[in-house]
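Q: Have a look at this one.
Protein chains: 2
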Amino acid sequence: MSVRLSNTDEYVSLLDKYDTWLFDCDGVIWKGDSMIEGAVEVLNLLRHRNKKVVFVTNNASKSRRSYRTKFDQLGVEAHVDEIYGSAYAAAVYLSSVINLPKTKRVYVIGTSGLEEELQNEGFFVLGGSDPADCTLEPFSLENFSLDPDVGAVVCGLDQMITYTKFSKAFQYLTRIPNCHFIATNEDSTYPTAHGTLPGGGSLSAVLRYAIGRDPVCTGKPQQVMLDCIKAKVSYDPTRTIMVGDRLNTDILFGQTGGLDTLLVLTGVTTENDITGPDASPIVPKFVTNSIGDLRVISTKAN
Amino acid sequence: MSVRLSNTDEYVSLLDKYDTWLFDCDGVIWKGDSMIEGAVEVLNLLRHRNKKVVFVTNNASKSRRSYRTKFDQLGVEAHVDEIYGSAYAAAVYLSSVINLPKTKRVYVIGTSGLEEELQNEGFFVLGGSDPADCTLEPFSLENFSLDPDVGAVVCGLDQMITYTKFSKAFQYLTRIPNCHFIATNEDSTYPTAHGTLPGGGSLSAVLRYAIGRDPVCTGKPQQVMLDCIKAKVSYDPTRTIMVGDRLNTDILFGQTGGLDTLLVLTGVTTENDITGPDASPIVPKFVTNSIGDLRVISTKAN
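Chain order of the listed sequences is A and G.
The opening residue of the first sequence carries number 1 in my numbering; numbering runs sequentially from there.
The opening residue of the second sequence carries number 303 in my numbering; numbering runs sequentially from there.
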């Protein structure tokens, strides 16, 4: 049973209890292109109290650098090394978790943001935005030469997906022994301003089905993302809290990683999802309406 | 336990026992672009004895008409109404099995052969080879208007697959109540002259994963194909045999449909697959090395 936060003392005690705050972004800090009311003040308050702030997002289409421009546009202070996206997590997974040699190349289905993260970690990338792969010309194996240095295929959401990319990724995964298969997230769909579209997990489903094995997934709720954070940020798990709006990604991610969790109701999850007869089995430690609720602390503190 | 055919009497008895002969093509009649030795003579012999001959293929990229040109090129007598491909089966399923009104439109992921079969059954098709959908420009729902007359999405192998096609198909399947979801086959891969590529089933895996439900599949071993044959050909199931080279498609297809089955070893299945320690649980009624083995009958008959 979750603790429903409602009064100033509870918020003050929450603030005292945790030194490191992991935040999901969309549905928590902002919604689409609008800030959640009070979020900026609360983030500033946390920084003022020397709390460590980390942003953890399943958005794999942007590099951390380009994701930061979103923070800038919305007037939220954020530093590149505080942002953990699943594209970055995929790159760190390869470089620091499984120590794939930098002489290995990575075949990419995904955006230039994903390519950028992999390049930043020192890998040479193939596919992705390469015009030779962004083509609707028929693909024939007769003209394809397998690059023996490819050591991994990373698949994320790719608006420029082609049969050529699926086919080349398939060749690497089936013809190169121990070629790693990474998916930046398992999301079946993703929300846009005008409706829902197939997500990154749907595209990797092609390779999953064709080769008959599952990828290592670097997005929440998988722990690869937390491994990446651990590799770069030092934190005490008993004094760390994960704040999110989705039970099956954010909250599950925190719980699996041994962290306490705070659910906000400004995003996907509704009151009914946690209290109704069909309530989720995933139960956050704390629930509050909005991250903005923590503003009461500043009154108390000043 | 299968009956292993080897002598003339057994082949003669087989010929006497069955009036309708269903044949898979690739691996049975031909292999790639080469005929299986003796296949033409055996097919001629069957016709000479007034046997009904039906070709049943999971190739969904060609219409029956264009598939017939393959028979012509290889010097095999075949008539359009004897050929049942999974593209045709998808069209007949919509028109004759579920009686989708002809005022309904069909959104296609697939080739012009698939479009042709749907059009032949009287449907207006969207997607497929339409240049507006064969584009790598980013897809936005802002500029998309849902055609309320779409009653089905049919997905097959499509070398010109795009995110736009996946996205539009997804809209129809999720926003139009009771929109039918058809896949022309479940093949994870398919063989080409130069190696293996992702199959039609891999592309429909995107929609399957994104919408969270399975399509009706019109390829073997699914019985929709047999329903289509039944709708057009009259045959006595006790005097009908399915001849194929694949246990999990051809032989299973025949068995599920209550037909006797003959496995040939000129295609995918090897001796080891049926007799080794890891032999398949799918056991054909008869096994012979090649369809060409039936030539012995002509000696006996003449």
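Don't be surprised by glycine CBs; every beta carbon is placed ideally from N, CA and C.
Since the structure is predicted, the reported quantities are computational estimates derived from the model, not experimental observations.
What are the uninterrupted segments assigned as alpha helix (DSSP H) that are 4 or more residues long and contained completely in the region 184-233 of chain A, given in chain order?
A: 200-211 and 224-232
Q: Quick one: residues in its chain with C-beta nearer than 7 Å to the C-beta of Pro523 of chain G, no 5 flanking neighbours on either side, listed in chain order?
A: Locating residue 523 of chain G in the second sequence gives position 221, where the first residue counts as 1. Closer than 7 Å at the Cβ level, and outside the excluded window around Pro523 of chain G, lie Asn550, Thr551, Leu554, Phe555 and Thr558.
Q: Figure out for me which residue from A:Ile83, A:Arg65, A:Lys70 and A:Ala60 has the closest Cα to the Cα of Ser34 of chain A.
A: Taking the first sequence and counting its residues from 1, one reaches residue 34 of chain A at position 34. Considering only alpha carbons, the answer is A:Lys70.
Q: Kindly indicate the opening and closing residues of the alpha helix (DSSP H) around Ala89 of chain A.
A: One-based indexing of the first sequence puts residue 89 of chain A at position 89. Its alpha helix (DSSP H) spans residues Ser86 to Val92.
Q: Kindly indicate the opening and closing residues of the beta strand (DSSP E) around Ala132 of chain A.
A: Translated into the one-based positions of the first sequence, residue 132 of chain A becomes position 132. Per DSSP, Ala132 of chain A belongs to no beta strand (DSSP E) and is neither H nor E.
Q: Using a Cβ distance threshold of 8 Å, determine whether the region 480-494 of chain G contacts the region 442-460 of chain G, with at least three qualifying pairs required.
A: yes
Q: For Cys228 of chain A and Thr20 of chain A, what's the separation of their Cα atoms in angstroms?
A: Position 228 of the first sequence holds residue 228 of chain A. Position 20 of the first sequence holds residue 20 of chain A. Their backbone Cα atoms lie some 15 Å apart in a straight line.
Q: Quick one: complete beta strand (DSSP E) runs, 3+ long, within the region 38-103 of chain A?
A: Fully enclosed beta strand (DSSP E) runs of 3 or longer: 52-57 and 83-85.
Q: In terms of residue numbering, what span does the beta strand (DSSP E) encompassing Ala454 of chain G cover?
A: The residue labelled residue 454 of chain G in the question sits at position 152 within the second sequence. Counting along the chain, the beta strand (DSSP E) containing Ala454 of chain G begins and ends at Val452 to Cys457.
Q: In whole angstroms, what is the alpha-carbon distance linking Lys587 of chain G and Ser112 of chain A?
A: Walking along the second sequence from the start, residue 587 of chain G turns up at place 285. Walking along the first sequence from the start, residue 112 of chain A turns up at place 112. Inter-residue distance for Lys587 of chain G and Ser112 of chain A is about 55 Å (C-alpha atoms, whole angstroms).
Q: Mind checking Asn487 of chain G: buried by the 16 CB within 10 Å criterion, or exposed?
A: Mapped onto the second sequence, residue 487 of chain G falls at position 185. Result: buried.
Q: With DSSP as the reference, please indicate the residues paired to Leu428 of chain G in a beta bridge.
A: Working through the second sequence from its first residue, we reach residue 428 of chain G at position 126. Looking at the DSSP assignment, Leu428 of chain G forms a beta bridge with G:Tyr409.
Q: Between the region 303-315 of chain G and the region 341-355 of chain G, do three or more beta carbon pairs fall short of 8 Å?
A: no
Q: Kindly list the residues whose CB is nearer than 7 Å to the CB of Asn378 of chain G, restricted to its own chain and excluding five residues on each side of it in sequence; keep chain order.
A: Within the second sequence, numbered from 1, the residue matching residue 378 of chain G stands at position 76. Strictly speaking, residue 378 of chain G in this sequence is Val, with Asn absent from that position. Exclusion of the five residues before and after Val378 of chain G leaves Ile331, Val342 and Leu345 as the residues of its chain whose Cβ lies within less than 7 Å of its Cβ.
Q: How about the region 358-367 of chain G and the region 415-423 of chain G: do they share at least three Cβ pairs that are nearer than 8 Å?
A: These segments touch.
Q: Could you name the residues that DSSP lists as bridge partners for Phe23 of chain A?
A: Here residue 23 of chain A corresponds to residue number 23 of the first sequence, with the count starting at 1. Answer is A:Phe55 and A:Val243, bridged to Phe23 of chain A.
Q: If the criterion is Cβ atoms closer than 7 Å, does the pair Thr498 of chain G and Thr466 of chain G meet it?
A: Residue numbering aside, residue 498 of chain G sits at position 196 when the second sequence is read from its first letter. Residue numbering aside, residue 466 of chain G sits at position 164 when the second sequence is read from its first letter. It is not a contact, given that the beta carbons lie outside the stated cut-off.
Q: Who are the Cβ neighbours of Val97 of chain A in its own chain at under 8 Å, not counting the five residues just before and after it?
A: For this step, residue 97 of chain A is matched to residue 97 along the first sequence. Here the set comprises Val224, Asp227, Cys228 and Ala231.
Q: Which of the three DSSP states is assigned to Ile449 of chain G in this structure?
A: Within the second sequence, residue 449 of chain G is the residue found at index 147, counting from 1. Looking at the sequence itself, residue 449 of chain G is Asp, so the reference to Ile does not match. In the structure shown, Asp449 of chain G sits in coil (DSSP, three-state: anything other than H, G, I, E or B).
Q: Just confirm the distance between the C-beta atoms of Asp260 of chain A and Ile241 of chain A, as a whole number of angstroms; I'd bet it's less than 8 Å.
A: Counted from its first residue, the first sequence places residue 260 of chain A at position 260. Counted from its first residue, the first sequence places residue 241 of chain A at position 241. Indeed, because the Cβ distance is near 5 Å, the residues count as touching under 8 Å.
Q: What's the C-alpha gap between Pro138 of chain A and Met462 of chain G?
A: Your numbering for residue 138 of chain A matches position 138 in the first sequence. Your numbering for residue 462 of chain G matches position 160 in the second sequence. Cα to Cα, Pro138 of chain A sits roughly 7 Å from Met462 of chain G.
Q: Could you tell me which residues DSSP pairs with Leu262 of chain A in its beta bridges?
A: For the purposes of this step, residue 262 of chain A is taken as the residue at position 262 of the first sequence. Answer is A:Val243 and A:Phe286.
Q: I'd like to check one pair, Ile83 of chain A with Phe55 of chain A: are the Cβ atoms closer than 7 Å?
A: Taking the first sequence and counting its residues from 1, one reaches residue 55 of chain A at position 55. Taking the first sequence and counting its residues from 1, one reaches residue 83 of chain A at position 83. Yes, these two residues count as a Cβ contact at 7 Å.
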